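>
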Amino acid sequence: MTLNQINHLNTGLMMTSVAIAAIIPFELFLFAYAILGPAHYLTQISWLHDRNYFTTGRWDFVFLLLLTVPLALRFFFGQGAFVGLVWDGLFAGCALVAAAGMVWLRRPFHKIALGVLGLICAGIVCRVDGIALFFALFVPSLVHVYLFTGAFIVYGNLKNRLLSGWLSVAVFTVCGAFFFVVDLPLSGPVTEYIRLSMDRLAVIPREFITLFGMESNAQTFTRVMRFIAFAYTYHYLNWFTKTRVIGWADISRPRALTIIGLWLLSIAVFAIDYRIGVSALFTLSLVHVFLEFPLNHRTFAAIGGALVGAARGRVGSRA
C-alpha cells in the first residue's frame with residue numbers, strides 16, 4: 180500500500196471506531212481490550228526488542244521492566260483501586276524520566292544518576308494526588324493510547340508531508356473531541372456481564388470524570404466511555420496498519436508462533452473470566468507502555484526539531 184492509501188485507511192478506521200463507540204461503547208472497549216490489546220502488546224514488544232527499545236544501552240530496558248513489577252503486583256493482588264497513588268506515581272514517573280536518559284545518555288553512571296534524580300523528583304511531585312494519579316493511571320492508559328498515538332501520527336506527517344496525512348490528524352483530533360461536544364443518547368442497557376467485566380477497568384472513566392470536574396452521572400460516564408472505547412480501539416488498529424514499520428515478513432517463524440500462541444492463550448483467559456484476563460494481562464500492558472517510553476521521547480524530540488526547523492525556515496525566507 181502507498182502512504183496515501185495507508186493514511187486514507189487510518190482515517191476510515193478512526194471514523195469507524197467513533198461510529199461503533201457511539202453505539203456500543205462498553206462492548207467495543209471490552210472487545211478491543213481483550214482481542215486487539217494482547218496482539219498489539221506482543222507484536223510491539225517484539226518490534227521494540229529488535230530495535231533495542233530505541234535506547235543507547237543493550238540492557239537499559241531491564242530497568243524499565245523492573246519498575247513495572249511493584250505496580251503489577253499491587254494490581255494483581257489488590258482490588259484494582261489506585262490506593263497508595265504516591266508509590267504508583269513514583270514508579271511510573273521514574274520510568275518516564277529514566278527513559279530519557281536511556282535515549283540521550285550513553286554512560287551507565289549518567290543514566291543511573293538521572294534515574295535516581297527522576298526517582299527523587301517523582302517522590303516529591305507525586306505527593307500531590309492529581310500528579311500521582313496522572314502518572315499512575317493516565318500515562319499508562321489514556322495518555323498512551325490517545326496523546327502518544329496522536330504524536331506518532333503528527334511525526335509521520337512531518338516526515339512525509341502528505342495532505343492525506345494531515346487530514347488524518349484533523350480527523351483524529353475531531354474524533355477525540357466529538358463525544359464531549361455532541362450530546363448523544365445513552366447506549367443500550369449495561370448488562371451484568373459488562374458490569375462485572377468492567378469492574379477493575381471502570382477506574383479509568385471514574386477518575387477521568389473526577390479529574391476534569393465533570394458531573395458524575397450515567398450520561399457523563401457513557402460519554403467518557405465512548406471516548407475511551409474510540410481511543411483504545413483506534414490505538415490498536417493504527418498499529419496494525421503500520422505494515423512497513425512492523426515488517427511482518429521479517430518476524431522469525433518460532434517467534435511468530437510464540438506470539439500467536441500467547442495471543443490465543445490470552446483470549447482463552449478472557450473468555451473464561453474477563454476479570455482474570457484483566458488481572459493477568461495488566462502486566463503485559465504495563466510492560467509495553469514502559470518499554471515504549473524511549474520511543475516516545477525520540478518522537479516528541481523529533482516533532483520539536485521539525486517544528487523549530489520549519490520556524491527557522493520561515494524566518495530565513497522572510498529575511
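Numbered per this note's numbering, the sequence shown spans residues 180 to 498.
We put the CB at the ideal spot given by N, CA and C, even for glycine.
Keep in mind it's a predicted model, so treat the numbers as computed, not measured.
Give the single residue among G216, N183 and A200 whose Cα lies nearest to the Cα of Y415.
It is G216.
> Ignoring anything shorter than 3 residues, give me the beta strand (DSSP E) runs that lie fully in the segment 348-399, in order along the chain.
You should have found no qualifying run.
> How many angstroms separate the CA atom of M377 from the CA atom of A201?
Their Cα atoms are separated by approximately 18 Å.
> Applying the criterion that 16 or more other CB atoms from any shown protein chain within 10 Å of the CB defines a buried residue, is Q223 buried or exposed?
It counts as buried.
> Look up K290 in the DSSP assignment and say whether it is helix, strand or coil.
Three-state result, K290: helix.
> Going by Cα to Cα distance, which pick from I199, L188 and V448 is closest to A410?
Closest option to A410, Cα to Cα, is I199.
> Whose C-beta lies closer than 7 Å to the C-beta of T181 among residues of the same chain, with five residues either side of it excluded?
Taken in chain order, the list of residues that qualify is empty.
> May I ask you to report which of helix, strand or coil DSSP gives T190?
Note: T190 maps to helix in three-state DSSP.
> Any idea if L246 is buried or exposed, counting beta-carbon neighbours within 10 angstroms, 16 or more meaning buried?
Its Cβ being crowded by 16 or more others within 10 Å, L246 is buried.
> Which residues in the same chain as S395 place their Cβ atom closer than 6 Å to its Cβ, once the five residues preceding and following it in sequence are excluded?
Within the same chain, S395 has close Cβ partners I388.
> Exposed or buried, F288, counting other C-beta atoms within 10 Å across all chains shown (16 or more means buried)?
Per the 10 Å Cβ criterion, exposed.
> Once DSSP output is grouped into helix, strand and coil, what is the label at Q258?
Residue confidence is low: Q258 scores 49 on pLDDT, short of 50, so the model does not pin down where it sits. Its coordinate-derived value is still stated next. Reduced to three states, the DSSP call for Q258 is coil.
> According to the neighbour-count rule (16 or more other Cβ atoms, all chains shown, within 10 Å of its Cβ), is G309 buried or exposed?
When all chains shown are included, G309 counts as exposed.
> Under the rule that 16 or more other beta-carbon atoms within 10 Å means buried, what is P433, buried or exposed?
By the 10 Å Cβ count, P433 comes out exposed.
> What three-state label does DSSP hand W442 in the structure shown?
Helix, per DSSP.
> Which stretch, first to last residue, makes up the alpha helix (DSSP H) that contains R340?
No alpha helix (DSSP H) holds R340; DSSP gives it neither H nor E.
> Taking Cβ positions, are T420 and N183 nearer each other than 8 Å?
Contact flag unset, no.
> Provide the residue span of the alpha helix (DSSP H) that contains D452, from first to last.
From DSSP, D452 is part of no alpha helix (DSSP H); its letter is neither H nor E.
> Give the single residue among L244, W266 and L284 whose Cα lies nearest to the Cα of F313.
Minimum Cα distance to F313 is reached at W266.
> Find out if the Cβ-Cβ distance for the pair L221, L441 is shorter than 8 Å.
Cβ distance < 8 Å, so L221 and L441 count as in contact.
> Quick check: what's the CA-CA separation for L465 versus P249?
Distance between the alpha carbons of L465 and P249 is about 11 Å.
> In this structure, how does DSSP classify V468 when only helix, strand and coil are distinguished?
Reduced to three states, the DSSP call for V468 is helix.
> So, does the segment 469-476 touch the segment 278-287, judging by three or more C-beta pairs under 8 Å?
With the cut-off at 8 Å, the segment 469-476 and the segment 278-287 touch.
> Measure the alpha-carbon distance for L269 versus F479 and round it to whole angstroms.
The alpha-carbon atoms of L269 and F479 are separated by roughly 22 Å.
> Could you have a look at R402 and say whether DSSP puts it in helix, strand or coil?
Looking at R402 - three-state DSSP - the assignment turns out to be helix.
> Around the Cβ of R230, are there at least 16 other Cβ atoms within 10 angstroms (buried) or fewer (exposed)?
Under this definition R230 is an exposed residue.
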